[in-house]
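Chemist: Residue numbers for the sequence shown follow the numbering used here, so the first one is 133 and each next one is one higher.
Built from N, CA and C at the ideal position, the CB exists for glycine as well.
Since the structure is predicted, the reported quantities are computational estimates derived from the model, not experimental observations.
Questions regarding the structure given below will be posed in turn.
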Amino acid sequence: MYLQLKQIPGPNSSILFNKDFHKILTSKHPFDDLYHLINRMSDEYGQDGLFCLLRIPLSYLIVTDFSIAQKLLNNDDFLNKSFEYRYFNHFILDNLFTCNRRTLRQNKRLLLPYFRIQTLNNFLENSKKILKLLNENIDNCIDNNDGHYPDAGQITDSFIVDTIGENFFNTEFNTIRSGFKMTDWLEIVGEFIHTGINFTFHPLTYFQYYESLFYFSKKLSQLYQRFENGIGQIITNRIEAIINDNQKEDCNEQSANNDDTMLDQMIRSRIIDGNITKIQEIRAQVNLIFLAGYDTTRTSLSWCLYLLGHHQSIQQRLYDEIQQFYDRLNSNNEEITISNMKQLKYLDCCIYETLRLYNPASLIGRSTCRSIQLSNGWHIPKGVNIIFLFRRINRDPKYFQQPEIFNPERFLMNSDDDRKEITINRKHLAFFPFSSGIRSCIGKEYAMMQMRLFLINIIGRYKIQSLDQYGDAFQPLELFHPGAQFPIQFQRR
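Below you can see the structure in the form of structure tokens.
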């Protein structure tokens, strides 16, 4: 293995002897610093799209080119997660995010029914109902506070939390009704995710068993306990409600009403003689939906609002497209559906461009279960860990001119404003908004539905203005982009 990896560009000496790596071991933000080091090495060794970060004792390759990443991510021999993901099993148990090849298809079959088009249509109606509450809040703010919000993140956070609660858990969090106030454990979800990631990727954890991870941080263990208590309470409440329903004479009718949610169906299928079984399986999937579905979508939406609020001409073009869309719906006496929302091509371009610039995950990791040869003759041996630097791939000037600029038109076949029909140029989608291959995000259609519906509603009703200086909300180079925090103003159209 070592000799094969020597053929691939990379530092001659082990990174373990790098003085910058030694500083990382005692850093307060270890993975962010390690991520900076990897990016600096990418400048030096990544010109060919792949370089070797570490050969021993663990082998790590870094992918920085779209074409190489696409080939590997779509290869069934790259379905296992890389070494550090084993710690996530301790946090969120074995689910679609953490599992390896052995249980991948089983986990995927378990969740697929909840992301089919019929189920998504039910979700859409819940989301519309919650958006009406959000509109009432914004209208009230316009009347009483000139439409000013100190942090746009509270708007996107509350929308995503409330819709996840109703769509998947048959639970009302009511954060919008309460004026964007979240319960204690909901407030710390984002902090728990980012704190956990920092310590999961801490270099010292590579020499420890996962049980000792919590001894690195009292803060992490406290956040973990609060999160687990909150998730546990959701599950317990639904178990009690369903068991009580089953004891009533009219339980059949009530059960049919509740079966639309993932959590209720999982609970019902595991009740035997009035007792719940396989509770850890339920908890694992609830963890996945909440952590993957909440943090990623609210982050993307907050950055999209930020960028649109600073680019008024782009916002105006999007508004024009939305108005044309509404005109077609009215003339045909139609409602908004998952299918007809896809007609808004410029809207999709705005979403894609946001995901390109601020993908919630800056990297992902895989591990090879067989050796593979690339077109240039390099061999990737079995058992090597591979990190895909999405942030770098998404901003590669080889595929994207002026990659740091927010420019949704880059995805269009023809950006002529006078053109009635606009088409997305698939050749320009040289990035991975939802990963790729069998392990691509199972919830991508749900996420796109939520983002489309939210933006159609907000931009169609209001003109938004980001009130900070452009760039003030930009975050330093980090593993996961936190949501944009910035003041925003809404004005009625």
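Between P619 and the rest of its own chain, which residues show a CB-CB distance below 8 Å, the 5 nearest in sequence each way excluded?
Modeler: The answer, listed in chain order, is H280, Y281, P282, D283, A284, S598, L599, D600.
Chemist: Can you round the beta-carbon distance between I525 and S214 to whole angstroms, since I take them to be within the 8 Å contact cut?
Modeler: About 17 Å separates the two Cβ atoms, so there is no contact after all.
Chemist: I'd like to check one pair, I468 with L585: are the Cβ atoms closer than 8 Å?
Modeler: yes
Chemist: Using 8 Å for Cβ pairs, my map puts L225 next to A373. What's the rounded Cβ distance?
Modeler: Going by Cβ atoms, the distance from L225 to A373 rounds to 23 Å, so no, they are not a contact pair.
Chemist: Helix, strand or coil, according to DSSP, for R502 in the structure here?
Modeler: Coil, per DSSP.
Chemist: Which residue marks the beginning of the alpha helix (DSSP H) containing F643, and which one marks its end?
Modeler: Lying before the first or after the last residue shown, residue 643 is absent from the chain, which here runs from 133 to 625.
Chemist: Please classify G328 as buried or exposed, where buried requires at least 16 other C-beta atoms within 10 Å of its C-beta.
Modeler: Its Cβ being crowded by 16 or more others within 10 Å, G328 is buried.
Chemist: Below 8 Å on the Cβ atoms is my contact criterion, and I expect V293 with Y478 to pass it. Report the Cβ-Cβ distance as a whole number of Å.
Modeler: Actually they do not touch by this definition, with Cβ atoms about 28 Å apart.
Chemist: Going along the chain, which residues of its own chain have a beta-carbon closer than 6 Å to the beta-carbon of T303, five neighbours each way excluded?
Modeler: G297, I366
Chemist: In the DSSP assignment, find the alpha helix (DSSP H) that holds F305 and state where it starts and stops.
Modeler: First-last for F305: undefined, no H or E at that position.
Chemist: Can you give me the C-alpha to C-alpha distance between E319 and R358, rounded to a whole angstrom?
Modeler: Rounded to whole angstroms, E319 and R358 show a C-alpha spacing of 10 Å.
Chemist: Going by Cα to Cα distance, which pick from C481, F223, S507 is closest to Q412?
Modeler: F223
Chemist: How would you call G509, buried or exposed, if buried means at least 16 neighbouring beta carbons within 10 angstroms?
Modeler: By the neighbour-count definition (other C-beta atoms within 10 Å, threshold 16), G509 is an exposed residue.
Chemist: Would you be able to state if there are at least three C-beta pairs under 8 Å between the stretch 202-212 and the stretch 526-542?
Modeler: At 8 Å Cβ cutoff, the stretches do not touch.
Chemist: With DSSP collapsed to three states, give me the class of P565.
Modeler: Of the three classes helix, strand and coil, the one that applies to P565 here is strand, per DSSP.
Chemist: Decide if F606 is buried, meaning its Cβ has at least 16 other Cβ atoms within 10 Å, or exposed.
Modeler: exposed
Chemist: Counting Cβ pairs, one atom from each stretch, are 3 or more of them under 8 Å apart for the stretch 250-264 and the stretch 578-592?
Modeler: yes
Chemist: Mark G603 as exposed unless 16 or more other C-beta atoms lie within 10 angstroms of its C-beta, in which case mark it buried.
Modeler: exposed
Chemist: Kindly indicate which three-state DSSP category T195 falls into: helix, strand or coil?
Modeler: In the sequence as presented, Thr is not what sits at residue 195; that position holds Val. Three-state result, V195: strand.
Chemist: In terms of residue numbering, what span does the beta strand (DSSP E) encompassing I518 cover?
Modeler: 517-521
Chemist: Going by Cα to Cα distance, which pick from D316, L461, D528 is closest to R488?
Modeler: D528
Chemist: Just checking my contact of N369 with W317 at CB under 8 Å: how many whole Å lie between their CB atoms?
Modeler: Contact doesn't hold; Cβ gap of about 13 Å is too wide.
Chemist: Taking the CB atoms as reference points, tell me whether S494 and F522 lie closer together than 8 Å.
Modeler: yes
Chemist: So I100 packs on G592, CB below 8 Å; how close in whole Å?
Modeler: Within the shown structure, residues of the chain are numbered from 133 to 625, placing residue 100 beyond reach of any answer.
Chemist: Let me know the secondary structure DSSP gives L265 once reduced to three states.
Modeler: helix
Chemist: Could you pull the start and end residues of the alpha helix (DSSP H) that F223 belongs to?
Modeler: Counting along the chain, the unbroken alpha helix (DSSP H) around F223 starts and ends at 220-224.
Chemist: The beta strand (DSSP E) spanning C184 covers which residue range?
Modeler: For C184, the enclosing beta strand (DSSP E) covers residues 182-186.
Chemist: Counting only the same chain and skipping the five closest in sequence on each side, list residues whose C-beta sits under 7 Å from that of K595.
Modeler: Q623, R625
Chemist: Is the beta carbon of I200 closer than 8 Å to that of F183?
Modeler: no
Chemist: Quick check: what's the CA-CA separation for H161 versus R460?
Modeler: Cα-Cα distance, rounded: 51 Å.
Chemist: Output the distance between the C-alpha atoms of N253 and T393, rounded to the nearest integer angstrom.
Modeler: 12 Å
Chemist: Mapping the DSSP letters down to three states, classify R241 as helix, strand or coil.
Modeler: In the three-state reduction of the DSSP assignment, R241 falls in the helix class, which pools H, G and I.
Chemist: Can you give me the Cβ contacts of D549 inside the same chain, cut-off strictly under 6 Å, excluding the 5 residues immediately before and after it?
Modeler: With a pLDDT of only 46 at D549, under the threshold of 50, the placement of this residue in the model should not be trusted; the figure read from the coordinates follows. Excluding residues within five positions, none has a Cβ falling inside 6 Å.
Chemist: Taking just the CA atoms, how far does E485 sit from P535?
Modeler: 10 Å
Chemist: For T307 and Q621, I'd like the C-alpha separation in whole angstroms.
Modeler: 20 Å
Chemist: Closest by CA to L211, which one among I496, R248, F532, R449?
Modeler: I496
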